[in-house]
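Read left to right, the sequence shown gives residues 1 to 206 (the numbering used here).
Glycine included, each C-beta is placed from N, C-alpha and C at the ideal position.
Okay, so here's the structure we're looking at.
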Amino acid sequence: MIEYIKGELDDITPAMAVVEAAGVGYALNISLNTYSAIQGKKAVKLYVHEAIVTGGRDDSYTLFGFATKQERELYRMLITVSGVGANTARMMLSSMSPSELCNAIANGDTKMIKGVKGIGLKTAQRVIVDLKDKIMNSGIVDELHVSAGGGASAMVNSSVKEEAVSALVMLGFSPAPSAKVVVDIMTKDPSLPVEQVVKEALKQMK
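Here it is in C-alpha cells:
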C-alpha cells in the first residue's frame, strides 16, 4: 500500500500530476485544491489513495494524489457514500475546499453540495446523513479549522446555535455576547444539545 509519493513534479494539469520518484514517473489524479497547492513547485509530496476499478474489459489501477492528509481523509469518506464514485468525490473537492465541504456537511447545507456538477438533491442529502456524524466526531474538523483560519462559528451546528442564542436573548442577554459564548462552548463540544449549551452559557455570562 502506498502512503505517499515524494519526488520531483515532472508535469501537471488541473486534473493530473506526474511525480518522478526514484526514476519512476507516477501519474496521480488530483483535485483543483491540490493543483493550486502544488502548482509551481519543483519538489512535492502527495498523499496517495489507490483505487482498483473492476468491470469492462480491463481492471483499472488508478492513483489519486492529495496535498494534505485531511483532503485524502475527506475523499475516502465521500467514496463510502452510495452514489458518490471516485470522480464525483474528486469533483466535489475541486468545487469546494475541504473546509468548505466540511462546513456544508456539518451544517446540512444541501444547496451548496447540490451545486456540484453531477450531484442531485438525493445524493446531497445522503452525503450529509452518512457523513455528518463521522466528520463531527473525527479530528478532521479541528485540523481544517486550524489550517483554514476561518471563524469558529462555521464549525458549529447552526440550528443549535440559533436556538441557544435565541433562548439567551429571551432571558435578557444581548445577542452579540450570547453568540460569542455559544460558539465558544459548541466549538469545544459540538455534540452538546441546546439545553446543555444554554446551561453552560448561563454559567459564563455576566
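In the structure shown, what three-state DSSP assignment does residue i receive?
i, result
"residue 170", "helix"
"residue 5", "strand"
"residue 13", "coil"
"residue 79", "coil"
"residue 202", "helix"
"residue 46", "strand"
"residue 41", "coil"
Hey, could you find the ends of the beta strand (DSSP E) residue i is sitting in?
i, result
"residue 29", "24-29"
"residue 101", "From DSSP, residue 101 is part of no beta strand (DSSP E) but of the alpha helix (DSSP H) over 98-106."
"residue 16", "16-21"
"residue 63", "60-66"
Out of curiosity, what's the CA-to-CA distance linking residue i and residue j?
i, j, result
"residue 105", "residue 38", "26 Å"
"residue 77", "residue 131", "7 Å"
"residue 192", "residue 200", "10 Å"
"residue 85", "residue 71", "16 Å"
"residue 60", "residue 157", "40 Å"
"residue 120", "residue 126", "10 Å"
"residue 171", "residue 204", "14 Å"
"residue 91", "residue 35", "13 Å"
"residue 103", "residue 1", "31 Å"
"residue 6", "residue 88", "26 Å"
"residue 13", "residue 81", "28 Å"
"residue 175", "residue 202", "13 Å"
"residue 117", "residue 47", "25 Å"
"residue 73", "residue 140", "8 Å"
"residue 20", "residue 83", "34 Å"
"residue 177", "residue 138", "29 Å"
Less than 8 Å separating the beta-carbons of residue i and residue j?
i, j, result
"residue 16", "residue 29", "yes"
"residue 110", "residue 128", "yes"
"residue 185", "residue 197", "yes"
"residue 194", "residue 160", "yes"
"residue 51", "residue 64", "yes"
"residue 42", "residue 8", "yes"
Could one say the Cβ of residue i lies closer than 8 Å to chain B's Cβ atoms, at least one of them?
i, result
"residue 179", "Judged by its chain identifiers, the structure shown contains no chain B, having just a single protein chain."
Name, in chain order, the residues that DSSP records as bridge partners for residue i.
i, result
"residue 179", "Partner(s): none; residue 179 has no beta bridge."
"residue 51", "62"
Start and end of the alpha helix (DSSP H) containing residue i?
i, result
"residue 137", "121-137"
"residue 114", "110-114"
"residue 87", "86-95"
"residue 32", "32-38"
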